[in-house]
Ligand SMILES: Cc1cc2nc3c(=O)[nH]c(=O)nc-3n(C[C@H](O)[C@H](O)[C@H](O)COP(=O)(O)OP(=O)(O)OC[C@H]3O[C@@H](n4cnc5c(N)ncnc54)[C@H](O)[C@@H]3O)c2cc1C
Ligand code: FES
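Shown next, in the form of structure tokens:
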């Protein structure tokens with residue numbers, strides 16, 4: 058180490074300790090200058106800012122969904138917790154946008170991630186995946202994120218997964234992880250679908266339920282055919298009570314359409330399940346934001362407002378679309394990850410004007426105090442001025 062370096066370190070608050078560390082490390086054969094950047098490399102391996110992924114296989118799930126197997130362009134994939142998602146960036150018709158997708162493959166599988174994309178009404182990115190993506194396509198993605206996973210410290214060992222439609226994807230990863238590893242954790246899966254055609258991973262789920270005593274699988278159809286003899290209706294309190302033994306001995310995880318998530322949460326609360334034992338995953342911003350409680354009754358979602366950005370640029374925005382979408386349409390890129398109002402990557406400062414924020418946005422107290430909002434879940438309801 059040069060004299061100058063030593064002088065600079067010595068003047069730092071914790072300089073003497075750092076110098077002692079360097080001395081000890083040298084004594085045991087470690088060279089600080091060679092170790093430089095090692096910590097960052099380790100952190101980046103576990104929590105990379107960006108991943109380069111290649112589609113290696115596309116698997117039909119049913120008429121409405123496909124699984125995309127993604128391998129790293131180079132190097133290894135970071136580990137993840139079953140239940141987490143990756144946010145995939147994509148350019149469509151000149152618009153650079155992104156969408157999060159839960160990893161549906163097991164976290165024990167290190168060679169690839171699988172995501173399962175479902176068709177929706179008036180889809181944008183989902184249509185692109187289902188109609189245009191092909192083997193060999195490359196995508197950039199944020200590293201695995203999200204808190205919708207089993208936590209051995211806070212969660213009970215017995216889990217009840219309540220899924221609706223494509224909301225099965227994070228559960229597939231969790232179920233595969235537990236059963237493939239031969240863990241003894243009990244899992245109930247209550248899977249609500251409109252009809253049998255829509256059920257994802259049907260054969261695999263039936264096979265797993267037949268093979269593993271600790272996996273209990275029930276399908277609930279809301280629009281069953283006439284001769285159907287299985288469970289029908291909505292997943293309400295009676296349905297849950299009839300399928301799950303000892304209702305208070307489990308952690309509940311819900312993932313499905315917004316309406317279902319709210320409905321099931323109410324049902325669980327009515328059964329006196331503790332709120333902290335109920336975990337929910339939001340699958341993005343809802344398309345029919347006008348139906349969200351608190352939405353201004355005089356707005357239809359189609360109004361156009363202007364947004365002045367950094368006192369410089371002016372773009373137009375529709376009331377029914379999150380500000381983030383309007384920014385992306387205008388070619389303005391900001392940080393983004395969950396698109397659900399939770400991670401705060403997409404924070405912007407609201408200088409003037411009014412926005413509507415639906416339930417489920419996790420704004421920090423400091424953000425609220427200093428006028429920051431999450432652009433992925435803030436809708437313009439007047440002309441705005443923002444800083445990004
Ligand atoms: C944590 C998480 C996990 C998820 N996991 C899954 C999963 O496993 N499987 C799955 O299928 N889905 C999953 N989703 C949902 C997924 O992220 C997408 O929302 C879904 O695929 C629908 O995307 P979409 O673009 O087709 O539709 P939307 O996200 O509803 O987007 C449509 C919107 O795109 C905008 N748009 C339309 N055209 C344009 C344009 N030309 N330029 C710019 N914007 C435009 C409009 O605002 C339109 O309303 C998950 C979401 C989250 C938050
Ligand atoms: S992208 Fe996560 S809060 Fe907006």
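Numbering (the working numbering), first residue to last: 58 to 445.
We treat Cβ as the ideally placed atom computed from N, Cα and C, and that holds for glycine.
Original post:
What does a CB cutoff of less than 7 Å around residue 183 pick up in its chain, not counting 5 residues either side in sequence?
Top reply: Here residue 183 is taken as the residue at index 126 of the chain shown, counted from 1. The answer, listed in chain order, is 174, 175, 176 and 177.
Subject >> Residue range of the unbroken alpha helix (DSSP H) whose run includes residue 186 >> reply: Taking the first residue of the chain shown as position 1, residue 186 is located at position 129. Here the alpha helix (DSSP H) through residue 186 covers 182-188.
**OP:** Take residue 120 as the anchor and find which of 248, 324, 167 and 223 has the nearest alpha-carbon.
**Re:** By 1-based counting over the chain shown, the position of residue 120 is 63. Per the Cα distances, 223.
Original post:
Which residue comes first and which comes last in the alpha helix (DSSP H) that contains residue 82?
Top reply: Counting from one through the chain shown, the residue named residue 82 turns up at place 25. Element bounds for residue 82: 72-84.
Original post:
How many Å lie between residue 85 and residue 78 at the Cα?
Top reply: Here the question's residue 85 lines up with position 28 in the chain shown. Here the question's residue 78 lines up with position 21 in the chain shown. So the alpha carbons of these two residues sit roughly 11 Å apart.
Original post:
Hey, is residue 157 close to ligand 1, as in C-beta under 8 Å from one of its heavy atoms?
Top reply: By one-based count along the chain shown, residue 157 stands at place 100. Yes.
**OP:** Whole angstroms is fine: what's the gap from residue 331's alpha carbon to residue 421's?
**Re:** Counted from its first residue, the chain shown places residue 331 at position 274. Counted from its first residue, the chain shown places residue 421 at position 364. Residue 331 and residue 421: Cα-Cα distance of roughly 24 Å.
Subject >> Local conformation of residue 302 per DSSP, three classes >> reply: To locate residue 302, count along the chain shown from 1; it is residue 245. It is coil, neither helix nor strand.
Original post:
Just to confirm, does residue 379 get its C-beta within under 8 Å of one of the non-hydrogen atoms of ligand 1?
Top reply: Residue mapping note: residue 379 aligns to position 322 of the chain shown, counting from 1. Yes; taking the cut-off as 8 Å, the Cβ of residue 379 has a heavy atom of ligand 1 nearer than that.
Original post:
The alpha helix (DSSP H) spanning residue 276 covers which residue range?
Top reply: Start at 1 with the first residue of the chain shown, and residue 276 comes out as number 219. Not the alpha helix (DSSP H): residue 276 falls in the beta strand (DSSP E), residues 272-278.
**OP:** For ligand 3, enumerate in chain order all residues having a CB closer than 7 Å to any of its heavy atoms.
**Re:** In the structure on display, ligand 3 does not appear, and the ligands it does have are ligand 1 and ligand 2.
Original post:
Got a sec: does ligand 1 put a non-hydrogen atom nearer than 8 Å to the Cβ of residue 226?
Top reply: Here residue 226 is taken as the residue at index 169 of the chain shown, counted from 1. Yes, the beta carbon of residue 226 sits closer than 8 Å to at least one heavy atom of ligand 1.
**OP:** Give a single yes or no on whether residue 461 has its beta carbon closer than 8 Å to a heavy atom of ligand 1.
**Re:** Since the first residue of the chain shown is 58 and the last is 445, residue 461 is not available in this structure.
Original post:
Ordered along the chain, which non-local residues of its own chain (more than five positions away) have a Cβ less than 8 Å from that of residue 149?
Top reply: As a position in the chain shown, residue 149 is number 92, starting the count at 1. Counting only Cβ-Cβ distances below 8 Å, and skipping sequence neighbours, we find 181, 182 and 185.
**OP:** Pull up the CB-CB distance for residue 385 and residue 153, whole angstroms please, since I reckon it's below 8 Å.
**Re:** Along the chain shown, one-based indexing puts residue 385 at 328. Along the chain shown, one-based indexing puts residue 153 at 96. At roughly 6 Å, the Cβ-Cβ gap stays under 8 Å, so residue 385 and residue 153 are in contact.
Original post:
Skipping 5 residues on each side, what residues in its chain have a beta carbon closer than 7 Å to that of residue 471?
Top reply: The question about residue 471 has no answer here: the residues shown for the chain are numbered 58 through 445.
Original post:
What does DSSP give as the partner residues of residue 375 in its beta bridges?
Top reply: To locate residue 375, count along the chain shown from 1; it is residue 318. Residue 375 pairs with 361.
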